[in-house]
């Protein structure tokens, strides 16, 4: 599998996770995407326990594969692999969570470890700057700001449970998760376009 195909896995992972969580949530009777977390879809005792764990593990594998593609892309273009390592860390955490469903203690441990991966947009902005287009750094910083807001809102129930109505916690969590995955899709598209541009350069030179 060539690098371009592997890079497309980032967009596939984003589409799979976003639509997968929506579809699974609709199949679970009594489940509310507004107030409940995505992990509750496949928590222990749920009728979707096995499908959700397979879904979580599969999504983690897609992100890991995407990170491998980013590392290969970075090496070929003499870019830092640091941002890709942050994506890899997130993928490994997602993968591990599939083996420790909620409410297992390790589920929360791996969930918190995802915070490292959430810093990937900042890493891309710092290390790759505008190597993937004039607006790349600006969009990466915007994504990071949105993610930081999402992290803050996700953690506030632990120390300030009255900051916002907790019956909307499901939306708050999805804001964070979907923002991250949409950024992965953005990186996927930009790196593929960059690969296609570079492939076309020799042809234009020979004309």
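In our numbering, the protein residues as written are 3 to 209.
Cβ coordinates follow ideal geometry from the N, Cα and C atoms, glycine included.
Bear in mind the structure is a predicted one, so any value in this text is a computation, not a measurement.
(message) Using only the alpha-carbon positions, how far apart do residue 122 and residue 85 sit?
(response) Rounded to whole angstroms, residue 122 to residue 85 spans 5 Å at the Cα level.
(request) Return the CA-CA distance between residue 44 and residue 104, expressed in angstroms with no decimal places. (result) Residue 44 and residue 104 have their C-alpha atoms roughly 7 Å apart.
(message) If I follow the unbroken alpha helix (DSSP H) through residue 38, where does it start and stop?
(response) Membership of residue 38 in any alpha helix (DSSP H) is not indicated, and neither H nor E is assigned to it by DSSP.
(request) Please list, in chain order, all residues of the same chain as residue 139 whose beta carbon is under 6 Å from its beta carbon, the five residues on each side excluded. (result) These residues qualify, in order along the chain: 127, 131 and 132.
(message) Distance check for residue 89 and residue 14, CA to CA, integer angstroms please.
(response) If you take the alpha carbons of residue 14 and residue 89, they lie about 15 Å apart.
(request) Report the residue from 189, 194, 199 and 183 whose alpha carbon sits nearest the alpha carbon of residue 61. (result) With distances taken between Cα atoms, residue 61 lies closest to 183.
(message) Cutting at 6 Å between CB atoms, please list the residues of its own chain near residue 11, excluding the five before and the five after it.
(response) Within the same chain, 64, 67 and 68 come within 6 Å of residue 11 by CB-CB distance, once the 5 residues on both sides are set aside.
(request) Identify, in the order they occur along the chain, each residue of the same chain with its Cβ nearer than 8 Å to the Cβ of residue 8, setting aside the five sequence neighbours on each side. (result) Correct list, in chain order: 67, 68, 70, 71 and 74.
(request) Please determine if the region 91 to 101 and the region 149 to 157 are in contact, where contact requires at least 3 C-beta pairs separated by less than 8 Å. (result) Contact between the region 91 to 101 and the region 149 to 157 is absent, with fewer than three C-beta pairs closer than 8 Å.
(request) Starting from residue 140, trace the alpha helix (DSSP H) both ways and give me its first and last residue. (result) Counting along the chain, the unbroken alpha helix (DSSP H) around residue 140 starts and ends at 138 to 161.
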